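Participant: When we follow the numbering used here, the leftmost residue of the sequence shown carries the number 30, and every step to the right adds one. We put the beta carbon where it would ideally sit given N, CA and C, even for glycine. No experiment lies behind these values; they were computed from the predicted model shown.
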Amino acid sequence: MVNEKTQSIDSIINILKNADKPVSGEELAENLGVSRVAVWKTVNRLKQDGYNIESSRSGYWLKALTDKPLPRELNRHDESIRYFDELDSTMKKARLLLENGCSDGTTIIAGMQTAGISREGGRWNSPSGGLYFTRIRTRPLPLLSAGIYCTALTATVAETIRNLFDIPAQVRWPNEVTIEGRKLSGLLTSFSGELFTVSGISTGIGVNVNISAEALPENAVSIMQLTGRAVSIKDLLSCLLETIQETDSLFSTTDSEIMEQITNKCRKNMETLGRDVIIKHDGIEKIGKAVDLDSTGALLIKTGRENLISIYRGEDYSYV
């Protein structure tokens, strides 16, 4: 439901977007049925949100929209999209929302994180200029599909970035998007549910977008570095929400053909397949080759004459 304050903000943006000259505060107030002070306060709030609005004696002139991925900029006016300039962690916020009940597809976005979480439980570097969000799935998911769910979404992120920016993004199994070995994006999933069914999934996604080399960890890279220009975080998120939704919807069934389609999507985007790897198996380090991915999301390793060994965690292998 859209409240009156949101309607007022949207109305001012629409009037300024469609104007071919500055619009006076008096004209805006009259159109909206509010005071000029209310208009002034709303315009100042829009400026704080990143809208480039020039104020002069002639009125207000919208020079550029914000690139913040605000709900209104994503054409979403319900509570399914929640944006914060700063959070400790979008995953922590998602956990609270799941505990208190939220709708399927609810997405929490942060302009920056002060305590972003990595796969190993460490810190995910989250400075301003990156894209950080967590998407919540509340629809049930068979436990056997939980492993490949994260890898499938990682493949979707890689595909989307590759198609948008023509850069060779690939998946380092199970949940990293890399460019020639440098980390561009990472995903993290948190599950809750019963014995054989997952009833709540939070998928945290971080993408290095408009971040300089100096602000990134060693062996990481940003889209801005690769393209030589700053890109729209808002437009990237809009595309990712659409493609992630398409992939997520495939997990409404356990049909073998659909699961094979999902597995093939992952295989097609993986840099890991065909690589020589070191694995930890039964307490022993072994050298083998990553040869396939199965429908549960396990990475299959061939070591000499032994049968294929399945590994399920990224911590259990490294490249030779």
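#1: Determine contact between the region 194-210 and the region 320-329, defined as no fewer than three beta-carbon pairs at a distance below 8 Å.
#2: Would you kindly work out how many angstroms separate the C-alpha atoms of I42 and V236, rounded to a whole number?
#3: Considering only the alpha carbon of each residue, which of L127, I177, S37 lies closest to G62?
#4: My parser needs the alpha helix (DSSP H) runs of 4 or more residues fully inside the region 199-259; what are they?
#5: Taking all protein chains shown into account, decide if P197 is buried (16 or more other Cβ within 10 angstroms of its Cβ) or exposed.
#6: If you scan the region 260-347 from start to end, which runs of the alpha helix (DSSP H) of 4 or more residues do you find wholly inside it?
#7: Whose C-beta lies closer than 6 Å to the C-beta of T184 among residues of the same chain, with five residues either side of it excluded?
#8: Just checking my contact of V349 with D305 at CB under 8 Å: how many whole Å lie between their CB atoms?
#9: Among T189, R101, F280, which one has its Cα closest to the Cα of I177?
#10: Distance, Cα to Cα, T119 vs S267?
#11: Residues bridged to V52 by DSSP?
#12: How many Å lie between E102 and I307 at the Cα?
#13: Got a sec? Which residues, its chain only, sit under 7 Å from D39 by beta carbon, not counting five neighbours each side?
#14: Determine the closest residue to V283 out of L172, K97, V66, E83, with distance taken between C-alpha atoms.
#15: Is it the case that the Cβ atoms of T292 and L322 are separated by a distance below 8 Å?
#16: Exposed or buried, what is A181 when buried is set at 16 or more other beta-carbons lying within 10 Å of its beta-carbon?
#17: Since I believe Y89 is in contact with L99 (beta carbons under 8 Å), could you give me their beta-carbon distance rounded to a whole number of angstroms?
#18: Among the candidates E56, D96, A67, whose CA atom is the shortest distance from the CA of V86?
#19: How long is the line joining the alpha carbons of L23 and T35, rounded to whole angstroms?
#20: What residue range is occupied by the uninterrupted alpha helix (DSSP H) comprising Y112?
#21: Less than 8 Å between C-beta atoms, sequence neighbours within five positions excluded: which residues of the same chain meet that for Q290?
#22: Per DSSP, what are the beta-bridge partners of P171 in this structure?
#23: From the DSSP secondary-structure annotation, give me the bridge partner or partners of A139.
#24: Quick one: Cα of T301 to Cα of L265, how far?
#25: Let me know the secondary structure DSSP gives S40 once reduced to three states.
#26: Where do the ends of the alpha helix (DSSP H) carrying N129 lie?
#27: Quick check: what's the CA-CA separation for L193 versus D49?
Facilitator: Inspection of the coordinates gives the following:
#1: yes
#2: 29 Å
#3: S37
#4: 252-256
#5: exposed
#6: 262-279, 285-298
#7: Note on identity: in this sequence residue 184 is Ala, with Thr being the wrong assignment. Taken in chain order, the residues that qualify are V200, K294, C295, N298.
#8: Between the beta-carbon of V349 and that of D305 there is about 4 Å, and that keeps the pair under the 8 Å contact cut.
#9: F280
#10: In this structure, the straight-line span from the alpha carbon of T119 to that of S267 is close to 17 Å.
#11: Note: V52 sits in a beta bridge opposite Y89.
#12: Near 46 Å, if we compare the C-alpha coordinates of I307 and E102.
#13: R101
#14: A small correction: the amino acid at residue 283 is Thr; Val does not occupy that position in the sequence shown. Considering only alpha carbons, the answer is L172.
#15: yes
#16: buried
#17: Taking a contact as a CB-CB distance under 8 Å, the pair L99 and Y89 does not count as one, their CB atoms being some 19 Å apart.
#18: Here residue 86 is Arg; the residue named in the question, Val, does not match the sequence. Considering only alpha carbons, the answer is E56.
#19: One cannot answer for residue 23 here, as it falls past the ends of the chain, which runs 30 to 349.
#20: Per DSSP, Y112 belongs to no alpha helix (DSSP H); it is in the beta strand (DSSP E), 110-113.
#21: Excluding sequence positions up to five before and after Q290, its CB lies within less than 8 Å of the CB of L279, all in the same chain and listed in chain order.
#22: T226
#23: F113, Y161
#24: 25 Å
#25: The answer is helix: DSSP assigns S40 an H, G or I state.
#26: 119-129
#27: 31 Å
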